[in-house]
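Numbering (the numbering used here), first residue to last: 170 to 544. Beta carbons are placed, not taken as given, at the ideal position from N, Cα and C, and that holds for glycine. Note sheet for the following structure.
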């Protein structure tokens, strides 16, 4: 993930005793995008005046955001411009936490998205947001300890949660965030875990082009990036694709949302398995029919996403194994029946990356150090 930066967030972060200026964020962004730069390179790529760039680079070095990494052997201009600067590797750091129904993963990362440490723990069942916060704080502390870094260099914690981790709490993200913040003196951001995955993809893509990513684990998540920014909806509930009812009247209920007939009852990583795909590949009639039925359920949900948003680039991230193409082909075939022929769409199945959830959660915090509005 080196060499890319995510879209800018809300307010500028607080550095060592002060807020970063817009031009300072532009400098960090330019180096994040293009790699180590001289001050003259920075001026050219940010349109910041030479005198201002010299002053701000010096300040960013002094405050620990940048480091000198070398001298050009044959500089275009002799003198101070031959010094090359890069993002610091030890400040600012953030912890990203991916709370999934089965396991919780926490990582410590830097501005380039390098994983300094990782900690994995089973996810218990939670009765309320306070229990979620206590569990999250424990794995955060374990990840920081494993990274062997000064905790003062950790500027914040980003947490990705499934919306229905606590079914009856409509303000789950705010509730958990407030509980964590009550015990930690750093920036805390809690958001949907599929949005964290989408933010990690924005970080890698370095593009403002809109896309949607559907993640398939023990649940089904949806992250939406519209014009280079995460889309949350008016009440912060955008992306509940896994809980869209695709088969009304289905027997039983979803273990997460409690409703009957939602997508997660038909598609998750315990249902669309390598064993099912292998059996379908061998021509077993029952497996073939089951695979087609599960693919049809996903295509039904995706068709609404495509027809309503008109987002043409859709990624489905899942661990499907050697015969995963059978499921992908079946989904695309069903989509051709559900989506109007004049509506363009491209559905690409990609391997699920476990690190992206936690890295994206960390960048709920670290993205505030960038200004992505650079050409």
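- For residue 334, no pairing in a beta bridge is given by DSSP.
- Between residue 228 and residue 255 a beta carbon distance of about 16 angstroms is seen, past the 8 angstroms cut, so the two are scored as non-contacting.
- Linking residue 343 to residue 364 through their CA atoms gives a straight-line distance of about 15 angstroms.
- Under DSSP, residue 515 shares a beta bridge with 482.
- Judged by DSSP in its simplified three-state form, residue 255 adopts strand.
- Between residue 528 and residue 488, the C-beta gap is not smaller than 8 angstroms, which leaves the two residues out of contact.
- The DSSP assignment places 362-374 as complete runs of the alpha helix (DSSP H) inside the stretch 342-418, in order along the chain (cut-off: 4 residues).
- Spatial neighbours of residue 336 in its own chain (CB-CB distance under 8 angstroms, excluding positions within 5 residues in sequence) are listed in chain order as 425, 426 and 427.
- The residue among 482, 222, 400 and 405 with its C-alpha nearest the C-alpha of residue 512 is 482.
- Residue 316 is not a Cβ neighbour of residue 266, given a cutoff of 8 angstroms.
- For residue 406, the number of other beta carbons within 10 angstroms of its own is below 16, and it is reported as exposed.
- Taking 8 angstroms as the cut-off, the beta carbon of residue 469 is found closer than this to the beta carbon of residue 507.
- Distance from the Cα of residue 356 is smallest, within the candidate group 328, 338 and 393, for 328.
- Going by DSSP, residue 214 is part of the alpha helix (DSSP H) stretching over 208-215.
- Counting every other CB atom within 10 Å of its CB across the protein chains shown gives residue 240 a total below 16, marking it as exposed.
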